[in-house]
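Trainee:
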Amino acid sequence: MSQQAPIADLSYRNYDGPKTLETKRWWVIARNGLRVSFKKKSLWVLLALASLPYLFLLFFLFMGTFGGEMMSEQLGDFRGLMLGAYSSAFWPLMIALLVGAGSIAADNRANALQVYLSKPVTKRDYLVGKWLAIFMVVFGAYFLPMFIVTSYQAFDTGIIEFMKSDGIIFAAMPILAAIPATLHASLLVGISAWNKTPWIVGVIYAGLYFFSTIFANILASAIDTTEVTEATLRHLSIEGLIAGIGQFILNTTPRSLTPGMTVDTMPSALPLLLVAASLIVVGISVARARIRAVEVVHG
Amino acid sequence: MPVAELNGLTVAYGPKVAVSNFTCSIPEGCVGLLGPNGAGKSTLIRALLGFIEPTGGTGTLLGRDITNEALEIRMEVGLMPEMDCHIPGMTAVEFTAYAGELSGMPRSQALRRAHEVLEYCGLGEARYRNLETYSTGMKQKAKLAQAVVHGPKLLFLDEPTNGLDPAGRDEMLDLIKDISHGKGVNVVVSSHLLPDIEKTCDQVIVMHGGTLRAQETIKTIRVVGPMLFDVELKLPTPAFGDAIARRSATIIQSVSTRYRIEFPENFASPTKAVFEAAAESGAQVRVFSHAQRTLEDAFLEAVR
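Protein sequences appear in the order of chains A and B. Using my numbering, the letters of the first sequence correspond one by one to residues 2 to 300. Using my numbering, the letters of the second sequence correspond one by one to residues 3 to 306.
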């Protein structure tokens, strides 16, 4: 045998190993989305930035242990403070954009849908996988810092006492994290499916996010109505929906560590829930309508 | 057993009919799907894979109905699309293993098999590189690797030599020929490049304007007619023409020592007549065969 000859058989051999139609292909797609996302260093930076409000809160809670009466008074409403940190939505939005803007648009650009749909992958598998990859990253960005801060507070005040006064937070945390994660994932897959350029998706979604906030504030200021209705109108934006539903779940208004930055009126839950549900359904439906393996040109 | 049976298959994009009343049986082996751009080749493949729902007719692929059993079909079929189709941000190993997992392979098996097929496709150590850094030839090989990673029984190759330089083209054609002969994989090569089909395929299906124009083996499609023969003599021999004429045959073309001879229909033994005429005229026969045309001539006649 020649020294250059390979030590293994490199000719084509057919695959006769296990292969099944029952595999959860949506999970394969989601897992790949997570792997590709976490390869980006910028995601780690954004995750760190998104946890800053919670880190500040953690710091003040730590200081409060040794602080005077005034400090304790200010830190008294833990749920409100947690809601304040939760309502800081800018960095989580950036995370959603980084992970979600290219989720389907990049595949459209690279014609990768043909690869997906030439395998035994359904449109539903594809969409669920892409959606889940965005959802899980955003969910994690909210949930982990919340969990750390709440756990610290529970141990600091005493588990039993904490469970009596603020125990609801442990049950509410997954729901609180799921609200922005679901909204961002659903709207981003919808916009991403209709585009071929990830940065355009990012611009469109960021525009929608900020303009809806501005529009909701103008609308609330323009209409002369009750305080509750005004608060509800003010929350009819993506950012507002997240904060508003959060208030409803924790049954409190957000508190800030900065004096004078506190809102006292809670919005009505039902309109916010209806708008959020509609946005989720629209986002997913729009994506589902667009996903196909070939571009069909009519005419 | 044929790999595909199509009966009156019609595919339309809105009012535009891309494949019209297509009836054919695709046999085992390596089959060329030949036709000019816009003939409906890619549309036919897409319909067979369930990407587009046919507007009429029926079809089976590997014995399964193309409209109701698309997922089962795709588990046994590989597709190398015409255009670039790489998932961004992945190395070739990741891309190919991912394709294997999507096809239903366990993760560990998909990774092992990805290394195996990428090595086979000639990507060697480059398989650890990001796909965005690949040349066109390497991208084509990666596309082929993702199409065969799950060991398909049928492989669709849509314009597999698109954009390749001559050396890359030869490599790709050698790979196709190797996979499609003696490895248990049936291959359908869609191309408008006749030499590619001629080099790799045993059978050819000619499409034009969404319809079937011809389906034959490469050997038979090149035969001009059953009573036309090419004869080449060692030396020019004018007496050979007279001897042939006495046997009711006509020399329809004569260039130097080469003759194209036409025998009347139902002529009993053209071979015997040619060799008797040669013996009678003292000529020495170097070549004797059915008259053949190039695949290009056959193709042009089919699509005319």
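Here a beta-carbon is modelled for each residue, glycine too, at the ideal position from N, C-alpha and C.
1) I need the straight-line Cα distance from A/Thr123 to B/Ser105, nearest angstrom please.
2) Which complete beta strand (DSSP E) runs does the stretch 220-268 of chain B hold, if anything under 3 residues is left out?
3) For A/Ser12, go through chain B and note every residue whose CB falls closer than 8 Å to its CB, in chain order.
4) Under 9 Å Cβ-Cβ, which residues of chain A neighbour B/Arg76?
5) For A/Ile239 and B/Lys185, what's the separation of their Cα atoms in angstroms?
6) Measure the beta-carbon distance from A/Leu22 to B/Glu74 and round it to whole angstroms, keeping in mind my assumption that it falls under 8 Å.
7) Quick check on B/Asn70: buried or exposed, where buried means 16 or more other Cβ atoms within 10 Å of its Cβ?
8) Between B/Ala241 and the rest of its own chain, which residues show a CB-CB distance below 6 Å, the 5 nearest in sequence each way excluded?
9) By alpha-carbon positions, which one of B/Asn39, B/His152 and B/Gly126 ends up nearest to B/Met140?
10) Taking the continuous alpha helix (DSSP H) assigned at A/His302, which residues delimit it?
11) Could you tell me which chain B residues have their CB closer than 9 Å to the CB of A/Gly18, listed as they occur along the chain?
12) Given this structure, state the Cα-to-Cα distance separating B/Asp204 from A/Arg26, to the nearest angstrom.
13) If you follow the alpha helix (DSSP H) that B/Met174 is part of, which residue opens it and which one closes it?
14) Would you say B/Lys143 lies against chain A (beta-carbon separation less than 8 Å)?
15) With A/Ser88 as the anchor, note down where its alpha helix (DSSP H) starts and where it stops.
16) Please report the straight-line C-alpha distance between B/Asp172 and B/Leu297, rounded to a whole angstrom.
17) Under the three-state reduction of DSSP, which class applies to B/Leu195: helix, strand or coil?
18) Under a CB-based cut-off of 8 Å, is A/Asn33 close to chain B?
19) By the criterion of Cβ-Cβ separation under 8 Å, what are the contact partners of A/Leu22 in chain B?
20) Reducing DSSP to helix, strand and coil, say where B/Met92 ends up.
21) Taking all protein chains shown into account, do 16 or more other C-beta atoms lie within 10 angstroms of the C-beta of A/Ser193, making it buried, or fewer, making it exposed?
22) Short check: CB of A/Leu234 to CB of A/Tyr153, under 8 Å?
23) Could you give the first and the last residue of the continuous beta strand (DSSP E) run that contains A/Gly34?
24) Run the CB neighbour count on A/His236, radius 10 Å, all protein chains shown included, and call it buried at 16 or more, exposed below.
25) Answer yes or no: does any C-beta atom of chain A fall closer than 8 Å to that of B/Met229?
26) Can you name the start and end residues of the beta strand (DSSP E) that B/Thr12 belongs to?
27) For A/Asp10, does the count of other Cβ atoms within 10 angstroms reach 16, so buried, or fall short, so exposed?
28) For A/Ser238, name the three-state secondary structure that DSSP assigns.
29) Which bits of chain A does B/Cys87 rub up against, with CB to CB less than 7 Å?
30) Below 8 Å on C-beta distance, what does B/Tyr100 contact in chain A?
31) Do you know offhand how far B/Pro228's Cα is from B/Thr219's?
32) With a CB to CB cut of under 8 Å and the five nearest residues on each side skipped, what residues in its chain are close to A/Tyr55?
33) If we call anything under 8 Å between Cβ atoms a contact, is B/Leu146 one with B/Met82?
34) Nearest by alpha-carbon distance to A/Leu94: which of A/Tyr143, A/Val129 and A/Val116 is it?
35) For B/Pro83, which residues in chain A fall below 8 Å Cβ to Cβ?
36) Are any of the Cβ atoms in chain A nearer than 8 Å to that of B/Lys201?
Mentor: Judging by the given coordinates:
1) Here residue 123 of chain A refers to the residue found at position 122 when the first sequence is read from its first residue. Here residue 105 of chain B refers to the residue found at position 103 when the second sequence is read from its first residue. Each residue's alpha carbon lies about 12 Å from the other.
2) Here the runs fully enclosed are 230-235, 252-257 and 260-264.
3) Taking the first sequence and counting its residues from 1, the one referred to as residue 12 of chain A is at position 11. Against chain B, the beta carbon of A/Ser12 has neighbours under 8 Å at Tyr122 and Asp180, listed in chain order.
4) Numbered from 1 along the second sequence, position 74 holds the residue referred to as residue 76 of chain B. Within 9 Å Cβ-Cβ: Leu118, Ser119, Lys120, Pro121 and Val122.
5) On the first sequence, residue 239 of chain A is found 238 positions in, with the first residue counted as 1. On the second sequence, residue 185 of chain B is found 183 positions in, with the first residue counted as 1. Straight through space, the alpha carbons of B/Lys185 and A/Ile239 are spaced by roughly 56 Å.
6) Numbered from 1 along the first sequence, position 21 holds the residue referred to as residue 22 of chain A. Numbered from 1 along the second sequence, position 72 holds the residue referred to as residue 74 of chain B. Contact between A/Leu22 and B/Glu74 is confirmed by a C-beta separation of about 7 Å, below the 8 Å threshold.
7) Counting from 1 along the second sequence, the entry for residue 70 of chain B is found at position 68. Taking a 10 Å sphere around the C-beta of B/Asn70, we find fewer than 16 other C-beta atoms and assign the residue as exposed.
8) For the purposes of this step, residue 241 of chain B is identified with residue 239 of the second sequence, where counting begins at 1. The residues are Ser283.
9) One-based indexing of the second sequence puts residue 140 of chain B at position 138. Relative to B/Met140, the option among B/Asn39, B/His152 and B/Gly126 whose CA is nearest is B/Gly126.
10) Since the first and last residues shown for chain A are 2 and 300, residue 302 of chain A lies out of range.
11) The sequence position of residue 18 of chain A within the first sequence is 17, counting from 1. Neighbours of A/Gly18 on chain B, chain order: Met107, Pro108, Gln111, Arg114, Arg115 and Gly153.
12) As a position in the second sequence, residue 204 of chain B is number 202, starting the count at 1. As a position in the first sequence, residue 26 of chain A is number 25, starting the count at 1. Straight-line spacing of the CA atoms in B/Asp204 and A/Arg26 works out to 36 Å.
13) Within the second sequence, the letter at position 172 stands for residue 174 of chain B. In this chain, the alpha helix (DSSP H) harbouring B/Met174 covers Pro168 to Ser182.
14) By one-based count along the second sequence, residue 143 of chain B stands at place 141. No, B/Lys143 lies away from the interface with chain A (no Cβ there is under 8 Å from its Cβ).
15) On the first sequence, position 87 is the one that residue 88 of chain A refers to. DSSP places A/Ser88 in no alpha helix (DSSP H); its state is neither H nor E.
16) For the purposes of this step, residue 172 of chain B is taken as residue 170 along the second sequence, with counting starting at 1. For the purposes of this step, residue 297 of chain B is taken as residue 295 along the second sequence, with counting starting at 1. The straight-line gap from Cα to Cα measures roughly 19 Å.
17) Numbered from 1 along the second sequence, position 193 holds the residue referred to as residue 195 of chain B. In the structure shown, B/Leu195 sits in coil (DSSP, three-state: anything other than H, G, I, E or B).
18) Residue numbering aside, residue 33 of chain A sits at position 32 when the first sequence is read from its first letter. Contact with chain B is found for A/Asn33, since one of that chain's Cβ atoms lies less than 8 Å from the residue's Cβ.
19) Here residue 22 of chain A refers to the residue found at position 21 when the first sequence is read from its first residue. Here the neighbours are Leu73, Glu74, Met77 and Gly106.
20) As a working note, residue 92 of chain B is residue 90 in the second sequence. Three-state DSSP puts B/Met92 in coil, outside helix and strand.
21) Counting from one through the first sequence, the residue named residue 193 of chain A turns up at place 192. Its Cβ being crowded by 16 or more others within 10 Å, A/Ser193 is buried.
22) Numbered from its first residue, the first sequence carries residue 234 of chain A at position 233. Numbered from its first residue, the first sequence carries residue 153 of chain A at position 152. Result no, Cβ atoms of A/Leu234 and A/Tyr153 do not sit closer than 8 Å.
23) If you number the first sequence from 1, residue 34 of chain A lands on position 33. Run containing A/Gly34: none in the beta strand (DSSP E); it sits in the alpha helix (DSSP H), Arg26 to Phe39.
24) The sequence position of residue 236 of chain A within the first sequence is 235, counting from 1. Result: buried.
25) Translated into positions along the second sequence, residue 229 of chain B becomes position 227. It does not: the Cβ of B/Met229 has no partner Cβ on chain A nearer than 8 Å.
26) By 1-based counting over the second sequence, the position of residue 12 of chain B is 10. Here the beta strand (DSSP E) through B/Thr12 covers Ala6 to Tyr15.
27) In the first sequence, the residue the question calls residue 10 of chain A occupies position 9. Exposed.
28) As a working note, residue 238 of chain A is residue 237 in the first sequence. A/Ser238 carries a coil assignment under DSSP once its states are collapsed to helix, strand and coil.
29) Looking up residue 87 of chain B in the second sequence gives position 85. Those are Ala111, Asn112, Ala113, Gln115 and Val116, listed as they occur along chain A.
30) Counting from one through the second sequence, the residue named residue 100 of chain B turns up at place 98. Per Cβ cutoff of 8 Å: Val29 and Asn33.
31) For the purposes of this step, residue 228 of chain B is taken as the residue at position 226 of the second sequence. For the purposes of this step, residue 219 of chain B is taken as the residue at position 217 of the second sequence. Cα to Cα, B/Pro228 sits roughly 15 Å from B/Thr219.
32) Counted from its first residue, the first sequence places residue 55 of chain A at position 54. The residues are Ala86, Pro146, Met147, Ile149 and Val150.
33) Locating residue 146 of chain B in the second sequence gives position 144, counting from the first residue. Locating residue 82 of chain B in the second sequence gives position 80, counting from the first residue. Cβ atoms of B/Leu146 and B/Met82: closer than 8 Å.
34) Here residue 94 of chain A is taken as the residue at index 93 of the first sequence, counted from 1. The candidate whose alpha carbon is nearest that of A/Leu94 is A/Tyr143.
35) One-based indexing of the second sequence puts residue 83 of chain B at position 81. Listed by position along chain A, the residues whose Cβ is nearer than 8 Å to that of B/Pro83 are Asn112, Gln115, Val116 and Ser119.
36) If you number the second sequence from 1, residue 201 of chain B lands on position 199. At a cut-off of 8 Å, the C-beta of B/Lys201 has no neighbouring C-beta in chain A.
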